[in-house]
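Protein chains in written order, with numbering that gives the first Met the number 0: chain H, 0 to 304; chain E, 0 to 414. Even glycine gets a Cβ: it sits at the ideal position worked out from N, Cα and C.
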Amino acid sequence: MTTTSTRRTPRPRTGGGPRSQTGVALLFLAPALLGFAVFYLRPMVKGFELSLTRWDLLTDPQWVGIDNYKALLYDATFGRALLITAVYVVVNITTQTAAGLGIAVLMQKVSQSTVVRSLLVVPWLVPNVTIAVITLFILDPNVGLVNHLLGQVGVGPIAFYGNPDFAIITVALVNSWRNMGYTALLIFAGMQLIPKMIYESADIDGANQWKVLTRITLPLIRPILAMVVVVSMIGSFQIFDTVAVATKGGPVGSTRVIYFYIYEKAFQHGQMGYAAAMSVVLLLIILVMSLFQLRVTRAAESDLG
Amino acid sequence: MSLTYGLWDPNQKPAYETCAANFEKETGVKVNIEQSGWDDYWQNLTISLNSKTAPDVITNHVAHDPELARKGVLLDFEPFLEKDPVDLGQYTGGLAKLWVHEGKRYGIPQDWDTIALVYNVKDVKDAGVDPATLDDLDWNPTDGGSFGKLIAKLTIDKNGKRGDEAGFDKDNVATYGWGLESGGGVVGQGPWSWLALSNGFKYLDKNPFGSKYQLDDPKLSQALTWWQQQIEKGYVTPVEQAGNLGLEPMMEQNKAALVPYGSWRINTWSKSKAQQFAFAPLPKGPEGRKTIINGLAPSITRDSKHPEEAWKWVKHLTSPACQEVVANEAVVFPSIGKYSEAAAKAHEAGGVDVSAFLDIAKDPTSLEFYPITFKAAEINSEADLVIERIERLDGKPADLLPELNKKVNDLLASE
Chain H
0 MTTTSTRRTP RPRTGGGPRS QTGVALLFLA PALLGFAVFY LRPMVKGFEL
50 SLTRWDLLTD PQWVGIDNYK ALLYDATFGR ALLITAVYVV VNITTQTAAG
100 LGIAVLMQKV SQSTVVRSLL VVPWLVPNVT IAVITLFILD PNVGLVNHLL
150 GQVGVGPIAF YGNPDFAIIT VALVNSWRNM GYTALLIFAG MQLIPKMIYE
200 SADIDGANQW KVLTRITLPL IRPILAMVVV VSMIGSFQIF DTVAVATKGG
250 PVGSTRVIYF YIYEKAFQHG QMGYAAAMSV VLLLIILVMS LFQLRVTRAA
300 ESDLG
Chain E
0 MSLTYGLWDP NQKPAYETCA ANFEKETGVK VNIEQSGWDD YWQNLTISLN
50 SKTAPDVITN HVAHDPELAR KGVLLDFEPF LEKDPVDLGQ YTGGLAKLWV
100 HEGKRYGIPQ DWDTIALVYN VKDVKDAGVD PATLDDLDWN PTDGGSFGKL
150 IAKLTIDKNG KRGDEAGFDK DNVATYGWGL ESGGGVVGQG PWSWLALSNG
200 FKYLDKNPFG SKYQLDDPKL SQALTWWQQQ IEKGYVTPVE QAGNLGLEPM
250 MEQNKAALVP YGSWRINTWS KSKAQQFAFA PLPKGPEGRK TIINGLAPSI
300 TRDSKHPEEA WKWVKHLTSP ACQEVVANEA VVFPSIGKYS EAAAKAHEAG
350 GVDVSAFLDI AKDPTSLEFY PITFKAAEIN SEADLVIERI ERLDGKPADL
400 LPELNKKVND LLASE
């Protein structure tokens, strides 16, 4: 590193030295930092504090130390909620990413029209609650459109939301459908970063479409793909609204995902402290999984030399 | 000067609005009525009590009263009653004592309710059954008695075969004999409480404020086993359909011919334009005819800024003046006996016979109280899971109920 010290650092064309740059940077970051501190950091600290108490919202909180965490170890419903959430995340993330990738490739190959691209994100613009209500009708076993169509080919009726074996899968697929357009758009944007000449040379070498996809496109969009998966996984773990509207945790508790269980404990059973302890555990789980994923997918590095 | 009064039943709002108008004329105190649906009502109540913005007077239910009382968010009525006594003996069914905990009173009954059978008149006649015979049904857990025969006969499949005929197709039922109301927790007030109670089952070691549930009682599992058999035979709406459809559309679209239900919805059925419904008494079980009698009561919240005025409103709600209004509107049965009769008369004038609900309330041997304990919300979540498994034929009541009993009693014993 001795060679660099002899070189003169090029001065920025405007502004002063690096110190004033930090100032400007902080100024730009301030709104985000302030929001983070007020709406995330403080509630997070408060939430952790709550998790060490017993509080029913009506009487004063009582300090109970780590009792809530100990109780979690013996709570079979909590374990089941984690498992149900895991099933949801796996089904949701795999289908959503696969569908997103497929659509992105189609956009690249077939249509680059802005109209088509805009249409793809329309479901993502509709609130989850609305989607849940609409699908509740469409998938209804008595009057739903899907079961009507299935009936024409002699299948069903299937209680998509009403059968404990399908309910969580249904919730996952409904949300995959909602999000796949957005995922596709992100992946599509990533594809635009791949230089055209790589495809041209592949063409010259006679590579087929499948080879181009698996050997060029996928490896080169890996960082984007990793980001998409990590970010959507974090969101996926926090599934709540569709469950709250469409199934309320049922049938027979088969869609009682972790966030819904937290909500039940906090607002229906008056156990804020216990609910807060579950939230802390969930935070840790998501944190560890995200770090692990970023690590194994080497998301910060790119293969584009 | 104004008060807020919270309630969840939109059907009752007009009657209490009239009471509020009379009350304002009398005292100059305006009462604003806030109505929200059952689930939201209780959730909002907790949050608003927390932020000290709760209504001055709330409509209280025995499923929630114990926790509210224990947490000290309701005002004790005893100090008011000392200065300003009320005859607590005048209220139907001994309901007044349900609102007392550890010497403190948190409510005075404003109405009462019982369960009876709601049936589709045309369906019963089409089945060749004389509606008058429904007044004398019996039931037992072995062969189901005449009630069991009735619901089999009322069930009809898509080929027109009845449930008691050969060739009945239980997988293609057009009208079920017995409509299922989903949910209901550990109580099963509408769907099955009366079956189990008429078989001699008691929810608790002591009611109100028992410390142990008795869900492992064979009398409960006998009743629910028989119920499950009817579901299996295809005589009861499957839960998958029932939950999505809701009870009212189920009955109005004639997907079910009969449903046991509470008196608080009499008008839903009697004013239906889609079908003609009528009411019949519950069947007599081995221990006779049994219904839960329950009722609502106004309570004053701790942080009310106008407790004196709030007390006056509570007194007005539970006094002859307001009870007469409620009776004439014929919405629910007012708590004072005389006005219950008046409500029945008002229904009769409209051509509706509600004696199935009223007669049973006059017979003390037929009445049981709603199980009143702490932690009802948690207990009900646990029980809902088990009851739903029974409805889905996923396990036997004789195995599931003792397990549930242990869970529920552990919950009650904790702390």
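query: Kindly indicate which three-state DSSP category Pro363(E) falls into: helix, strand or coil?; result: helix
query: Taking the alpha-carbon positions, what's the Leu366(E) to Ile257(H) distance?; result: 41 Å
query: Tell me where the beta strand (DSSP E) around Gln34(E) begins and ends.; result: Lys29 to Gln34
query: Got a sec, what are the start and stop residues for the alpha helix (DSSP H) Thr213(H) sits in?; result: Counting along the chain, Thr213(H) falls outside any alpha helix (DSSP H), and DSSP gives it neither H nor E.
query: So Gly187(E) contacts chain H; which residues on that side make the cut at Cβ distance below 9 Å?; result: Those do not exist, as Gly187(E) stays about 16 Å from chain H at its closest Cβ, beyond 9 Å.
query: Mind reading off the beta-carbon distance from Gln275(E) to Val120(E)? Whole number of angstroms is fine, and I expect it under 8 Å.; result: 5 Å
query: Would you call the region 5-16 of chain E and the region 312-332 of chain E touching, i.e. three or more CB-CB distances under 8 Å?; result: yes
query: So which residues of chain H does Gly159(E) contact, with C-beta pairs closer than 8 Å?; result: What Gly159(E) touches in chain H: nothing, since even the nearest Cβ is about 21 Å away.
query: At a cut of 8 Å, does the region 288-298 of chain E reach the region 274-288 of chain H through at least three beta carbon pairs?; result: no
query: Report the rounded CA-to-CA distance for Val63(H) versus Glu263(H), giving the unit in angstroms.; result: 21 Å
query: Give the residues from the region 254-267 of chain H that approach chain E closer than 8 Å (Cβ to any Cβ), ordered along the chain.; result: Glu263, Phe266 and Gln267
query: Return the CA-CA distance between Asp8(E) and Val313(E), expressed in angstroms with no decimal places.; result: 18 Å
query: Report the partner residues of Ala255(E) according to the DSSP bridge assignment.; result: Tyr175(E)
query: At which residues does the beta strand (DSSP E) containing Pro297(E) begin and terminate?; result: Ala296 to Ile299
query: In the DSSP assignment, the beta strand (DSSP E) including Phe239(H) goes from what residue to what residue?; result: Taken as a continuous stretch (DSSP letters only), Phe239(H) belongs to no beta strand (DSSP E), as it is neither H nor E.
query: Leu133(E) and Val123(E) look like a contact to me (Cβ under 8 Å); what is the Cβ gap, rounded to whole Å?; result: 7 Å
query: Can you give me the Cβ contacts of Asn379(E) inside the same chain, cut-off strictly under 7 Å, excluding the 5 residues immediately before and after it?; result: Gly184 and Val185
query: Just mark Asn127(H) as buried or exposed, buried being the case when its beta carbon has 16 or more other beta carbons within 10 Å.; result: buried
query: If you draw a straight line from the C-alpha of Ile261(H) to the C-alpha of Leu119(H), how long is it?; result: 33 Å
query: Report the three-state DSSP secondary structure of Arg161(E) (helix, strand or coil).; result: strand
query: To the nearest angstrom, report how far apart Asp66(H) and Leu6(E) are at their CA atoms.; result: 37 Å
query: What distance in whole Å lies between the Cβ atoms of Ile57(E) and Thr300(E), which are believed to be in contact at a cut-off of 8 Å?; result: 6 Å
query: So does the region 17-26 of chain E actually touch the region 71-81 of chain E, counting three or more Cβ pairs closer than 8 Å?; result: no
query: Runs of 4 residues minimum, wholly inside the region 66-111 of chain E: which ones carry the alpha helix (DSSP H) assignment?; result: 77-82
query: On the three-state DSSP scale, how would you describe Tyr4(E)?; result: strand
query: For a contact defined as C-beta to C-beta under 8 Å, what are the partners of Thr58(H) on chain E?; result: Lys70 and Gly71
query: Using a Cβ-Cβ cutoff of less than 6 Å, which residues in the same chain neighbour Met0(H) once the five nearest sequence positions on both sides are dropped?; result: Reliability of the predicted coordinates at Met0(H) is poor, the pLDDT of 39 falling under 50, and the value obtained from them is presented with this limitation in mind. Closer than 6 Å at the Cβ level, and outside the excluded window around Met0(H), lies no residue.
query: Going along the chain, which residues of its own chain have a beta-carbon closer than 6 Å to the beta-carbon of Gly144(E), five neighbours each way excluded?; result: Asp137 and Trp138
query: Taking a contact to mean a Cβ-Cβ separation below 8 Å, would you say Phe208(E) touches Pro65(E) in this structure?; result: yes
query: Around the C-beta of Pro130(E), are 16 or more other C-beta atoms found within 10 angstroms, so that it is buried, or is it exposed?; result: exposed
query: Quick one: what's Phe278(E) bridged to in DSSP?; result: Val117(E)
query: Excluding the 5 residues preceding and the 5 following Pro297(E) in the sequence, name in chain order all residues of the same chain whose CB lies nearer than 8 Å to its CB.; result: Tyr4, Val56, Ile57, Thr58, Asn59, Gly106, Ile107, Gln109, Trp312, Val313, Leu316 and Thr317
query: For the pair the region 196-207 of chain H and the region 82-90 of chain H, tell me if three or more CB-CB distances fall below 8 Å.; result: no
query: Could you tell me which of Trp191(E), Phe167(E), Phe373(E) and Pro140(E) sits nearest to Pro259(E), measuring between CA atoms?; result: Trp191(E)
query: Closer than 7 Å, Cβ to Cβ, to anything on chain E: give me those residues from the region 150-176 of chain H, in chain order.; result: Ala158, Gly161 and Asn162
query: Which residues of chain H have a Cβ atom closer than 7 Å to the Cβ of Arg388(E), listed in chain order?; result: Val251
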